[in-house]
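Here the structure comes first, spelled out in C-alpha cells, and everything after it is commentary.
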Amino acid sequence: MAESETAPTPQPRAPGDRPGADGRPVRELPAGLKAEGAAQPPIVSTENVAASDTRKEEPSREAKKDPTSAPLVVEVEIPPELPIPIARLVPKLKKSAKLFAEGKLYVPNASSSLIRVASYDPCPPFIARGKGARIWDEDENEYLDFNLAYGCLINGHAPADQVRAIAEQAEKGIHFAAPTELEIDVAKQFRRLVPSAERVAFCSNGSDATMNAIRIARAVTGKDAILKFEGHYHGQHDYALISAEAPPIVAGLDEYPRPLPNSAGIPPGVTDYVMVAQYNSIVSFERMVKRYRDRLACVILEPIMANAGVIAPVPEYLKRIVEIAHQNEILVIFDEVFTGFRVAPGGAQQLYGVEPDLSCWAKALGGGVPISAVSGKAEYMDSIAPGRISFGGTYFANNLSLAGTLANLKHLARGGEELYARFGHLTDKLEKGIEQAARDAKVSVLVQSVNGMLQYFFTRRKKIQNYREALQIDWNLYLRNHQLLLDKGIYTHPDNYERITFSSAHTDKDVERFIQTVGETFTELKTLPRDYLA
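Everything in the sequence shown is counted per my numbering, starting at 1320 for the first residue and increasing by one.
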C-alpha cells in the first residue's frame, strides 16, 4: 500500500456512467469529449456523404427493401480539443473506431458480449491476431496482453501444440454430437489434475456449468433455494444474475444483503429462490443458513472473489463454509470458472485444501476454446440420468474444443509445480513493482493478488475483503490509467473489477515493462486536468 496526501478522493463510479445490461458502467459519451469544455463531435459518422456534396441522398428502393444494406461509415476529422490520453488514442484506433460504429448496425453494441465494449473510451481496440503474450489490433498496434481473454489463455495466444491438436481434429471431423474416445481422454486428464472430480461432465461456457450444478443440487436435496454472496458472478442465467452488482442504497444491510436482479427481463419471483450473504463474513452466512436451512439446496460461491478485482478468502473461511453447509444438509458448489487451473492445477480448492461437493470450471480449462465443466462426487453426478436430471446440449463436448482442451491440460501437466511457481513469481514481482511505482508517484494504490491473478485499486483502504468495500475505489482514475497504459502498449481491461492475469508465455521482461510503464502512467495521472479525472 502506498499513500500520499495528494491522492484523489475515491469515487465509487465515474460521473456520467450508467449501468449496462450486465450491471457494469457504460459511458454515455467518451469522457474525453466532455473535458475542458470540449465540443462533442462524433469520432466517426454513419452518414454516406459524397466528397463533393454534403446533402443526404434518399436510399434507393432496393436499399429500403434489403435489411442488410447499410450506409457507409466514413472518417471525420479528429477534433483537436480532445485531452490526453484520448487525443493520443483516437488517431491510433481509426479502423477500430470505424468498425465500432459500423458494427452497431449489425450487432448490438458491436459485440455479442457487453463487457467487451463497456467502459472503453473512446472505443475498444478491435483485435486482429495474437501470439504468445502479445496481440495486434486492426490498426496494427501491438500490445502486451495481461487480460488474456479474461484469463482463458493460460498458455498464451496460439500455443503451437494446441493449434496443431485442433487442426488435426478438424481434419478428422469438426463435430459429431456423439460419444467419443476423446471425451473420455479429456475426462481422465481432468481428473488427474482435480482430485475432487470423481465425475466430470462437459458443457460450453461458465453459465452452462453453474446452471447445471444448481439443478443437480436441487434435484439431489429436494430443496429449491440457493444461497450466493453479494458481488459474486455466476453467469448469465436468471438465478446467477442476482446481486452480482448491488448499489448500496438499495442493497440492504452489510450482513443481510437484499437479493437484487441485475438485468431487465428477470421475473420478480426469481429472487424468492436466491438468498444473499456477505463474502468473508461467517456471521452473515450463518444467519442466512439458520433462517433458510429447510429451503437451501446449495451455497454457490467464488472461492476467491474474482468479480471485484481479486479478493482472497480470510483464513479458514472456506473450511467453515463447507462445515456449516454440511451440518445443515446443504451442498457446496465452488464456482472455479476463473480460478480453476489458474491459481493451482486443481483450482482454489487445491490451493486452500477444501473440497466442495460440486465444482464449475471454464476459462483456463480450455485455454481459449469454448468449453466448461461440472465436476463432483459420484453420488451427485451419477444422478444425471434419463428420467432423473437433464444435462445436455448439441455443442457440449464438441470435438474441436475437446482436442484443444486436451492439449491445454497436457501442457499444464507438463509444467507442473514449476509452472505454477512461475505464475506466483510473476504475480509477486508485478505486485511489488506496482506498489513501488505508486510510492514513487505519491498516489494511493492498493494491490491484491493470488497466484496468477492480480488487481490494483486507487483507494486509501489497507485491504478489501468484500463487495461493499470494493465499491470504495476510484473507478475514474483506474479508467484513465487504463487509457494511458493502452497508449503505451499494455493491454488490460478498463473495468477495475476485472483482473490482470499471466500465461506461460509471459516473461520477467514483460512484467518489468509493465512496471516501468505503470510508473510512467501513475506520474502522468497527476498532470491531467482535474475535471478530466472527475
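Quick reminder that beta carbons are idealized off the backbone N, C-alpha and C, glycines included.
Rounded to the nearest angstrom, what separates residue 1807 and residue 1728 at their Cα positions?
Within the sequence shown, the letter at position 488 stands for residue 1807. Within the sequence shown, the letter at position 409 stands for residue 1728. Approximately 33 Å between the Cα atoms of the pair.
Identify which residue in 1664, 1835, 1416 has its Cα closest to the Cα of residue 1656.
In the sequence shown, residue 1656 corresponds to position 337, counting from 1. Out of 1664, 1835, 1416, 1664 has the C-alpha closest to the C-alpha of residue 1656.
What does residue 1794 pair with, by DSSP beta-bridge criteria?
On the sequence shown, residue 1794 is found 475 positions in, with the first residue counted as 1. The partner list for residue 1794 (beta bridge, DSSP) is empty, contrary to what the question assumes.
Between which two residues does the beta strand (DSSP E) holding residue 1719 run?
In the sequence shown, counting from the first residue as 1, residue 1719 sits at position 400. Residue 1719 -> not in any beta strand (DSSP E); alpha helix (DSSP H) instead, spanning 1718 to 1760.
Can you grab the Cα-Cα spacing for the pair residue 1623 / residue 1636, in whole Å?
Position 304 of the sequence shown, counted from the first residue, corresponds to residue 1623. Position 317 of the sequence shown, counted from the first residue, corresponds to residue 1636. About 11 Å.
The alpha helix (DSSP H) spanning residue 1854 covers which residue range?
No answer is possible for residue 1854: it lies beyond the span of the chain, which begins at 1320 and ends at 1853.
From the DSSP secondary-structure annotation, give me the bridge partner or partners of residue 1476.
Along the sequence shown, one-based indexing puts residue 1476 at 157. Paired residues: 1451.
Name the DSSP beta bridge partners of residue 1589, please?
Here residue 1589 refers to the residue found at position 270 when the sequence shown is read from its first residue. Residue 1589 is bridged by DSSP to nothing; it lacks a bridge partner.
On the CB-based measure, 16 or more other CB atoms within 10 Å of its CB, does residue 1410 come out buried or exposed?
Counting from 1 along the sequence shown, the entry for residue 1410 is found at position 91. Here residue 1410 is exposed, its C-beta having fewer than 16 other C-beta atoms within 10 Å.
Is residue 1642 buried or exposed, if buried means 16 or more other CB atoms sit within 10 Å of its CB?
In the sequence shown, residue 1642 corresponds to position 323, counting from 1. With fewer than 16 Cβ atoms within 10 Å of its Cβ, residue 1642 is classed as exposed.
Under the three-state reduction of DSSP, which class applies to residue 1873: helix, strand or coil?
The displayed coordinates of the chain run from 1320 to 1853. Any statement about residue 1873 would go beyond what the structure contains.
So does the segment 1493 to 1501 actually touch the segment 1738 to 1749, counting three or more Cβ pairs closer than 8 Å?
At 8 Å Cβ cutoff, the stretches do not touch.
With a Cβ-Cβ cutoff of 9 Å, do residue 1734 and residue 1690 count as a contact?
Walking along the sequence shown from the start, residue 1734 turns up at place 415. Walking along the sequence shown from the start, residue 1690 turns up at place 371. Contact: no.
Per DSSP, the bridge partner or partners of residue 1430:
Your numbering for residue 1430 matches position 111 in the sequence shown. In DSSP, residue 1430 forms no bridge with anything.
Going by C-alpha distance, which of 1405, 1540, 1487 is nearest residue 1700?
Working through the sequence shown from its first residue, we reach residue 1700 at position 381. The candidate whose alpha carbon is nearest that of residue 1700 is 1540.
Please list the terminal residues of the continuous beta strand (DSSP E) segment that includes residue 1776.
To locate residue 1776, count along the sequence shown from 1; it is residue 457. Where residue 1776 is concerned, the enclosing beta strand (DSSP E) stretches over 1772 to 1777.
Helix, strand or coil at residue 1483 according to DSSP, with G and I counted as helix:
Along the sequence shown, read from residue 1 onward, the residue named residue 1483 stands at position 164. Three-state result, residue 1483: helix.
Distance check for residue 1686 and residue 1825, CA to CA, integer angstroms please.
Here residue 1825 is taken as the residue at index 506 of the sequence shown, counted from 1. Here residue 1686 is taken as the residue at index 367 of the sequence shown, counted from 1. If I take the Cα positions, the gap works out to 15 Å.
Could you check whether residue 1547 and residue 1618 sit closer than 9 Å to each other, using their CB atoms as the reference points?
Position 299 of the sequence shown holds residue 1618. Position 228 of the sequence shown holds residue 1547. A contact, by the Cβ cut-off of 9 Å.
Identity of the residue in 1629, 1675, 1654, 1668 nearest residue 1645 by Cα:
Walking along the sequence shown from the start, residue 1645 turns up at place 326. Looking at the Cα atoms, 1675 is the closest of the given residues.
If you check the beta carbons only, do residue 1778 and residue 1466 fall under 9 Å apart?
Along the sequence shown, read from residue 1 onward, the residue named residue 1778 stands at position 459. Along the sequence shown, read from residue 1 onward, the residue named residue 1466 stands at position 147. Not closer than 9 Å, so no.
Residue 1828 burial status per 10 Å Cβ neighbour count (16 or more: buried):
In the sequence shown, counting from the first residue as 1, residue 1828 sits at position 509. It counts as exposed.
If we call anything under 9 Å between Cβ atoms a contact, is residue 1628 one with residue 1789?
The residue given as residue 1628 occupies position 309 in the sequence shown. The residue given as residue 1789 occupies position 470 in the sequence shown. Going by C-beta atoms, residue 1628 is nearer than 9 Å to residue 1789.
Span of the alpha helix (DSSP H), counted from its first residue to its last, around residue 1672
As a working note, residue 1672 is residue 353 in the sequence shown. That residue, residue 1672, is in no alpha helix (DSSP H); it is neither H nor E in DSSP.
Mind checking residue 1459: buried by the 16 CB within 10 Å criterion, or exposed?
Numbered from its first residue, the sequence shown carries residue 1459 at position 140. Residue 1459 should be labelled exposed.
Taking the straight line between their C-alpha atoms, what separation do you get for residue 1493 and residue 1662?
Position 174 of the sequence shown holds residue 1493. Position 343 of the sequence shown holds residue 1662. Between residue 1493 and residue 1662, the C-alpha separation is close to 31 Å.
Using DSSP with H/G/I as helix, E/B as strand and the rest coil, what is residue 1767?
On the sequence shown, position 448 is the one that residue 1767 refers to. Residue 1767 falls in the strand class under three-state DSSP.
From residue 1854 to residue 1742, what does the alpha carbon distance come to, in whole angstroms?
In the structure as shown, the chain begins at 1320 and stops at 1853. Residue 1854 is therefore absent and cannot be evaluated.
Extent of the continuous alpha helix (DSSP H) to which residue 1789 belongs:
Within the sequence shown, the letter at position 470 stands for residue 1789. Per DSSP, residue 1789 belongs to the alpha helix (DSSP H) from 1786 to 1789.
If we require 4 or more residues per run, which alpha helix (DSSP H) segments fall completely within the segment 1538 to 1566?
none
Within the continuous beta strand (DSSP E) that includes residue 1462, where are the two ends?
By one-based count along the sequence shown, residue 1462 stands at place 143. It spans 1461 to 1464 - the beta strand (DSSP E) in which residue 1462 sits, taken as one unbroken run.
Does the distance from the CB of residue 1434 to the CB of residue 1469 come in under 9 Å?
Reading the sequence shown from its first residue, position 115 is the one you call residue 1434. Reading the sequence shown from its first residue, position 150 is the one you call residue 1469. For residue 1434 and residue 1469, yes; Cβs fall inside 9 Å.
With 16 other Cβ atoms within 10 Å as the buried cut-off, status of residue 1569:
Walking along the sequence shown from the start, residue 1569 turns up at place 250. Under this definition residue 1569 is an exposed residue.
Pairwise C-alpha distance: residue 1571 and residue 1514:
Taking the first residue of the sequence shown as 1, we reach residue 1514 at position 195. Taking the first residue of the sequence shown as 1, we reach residue 1571 at position 252. Cα-Cα distance, rounded: 39 Å.
Looking only at DSSP bridge pairs, what is residue 1456 linked to?
For the purposes of this step, residue 1456 is taken as the residue at position 137 of the sequence shown. Bridge partners of residue 1456: 1446.
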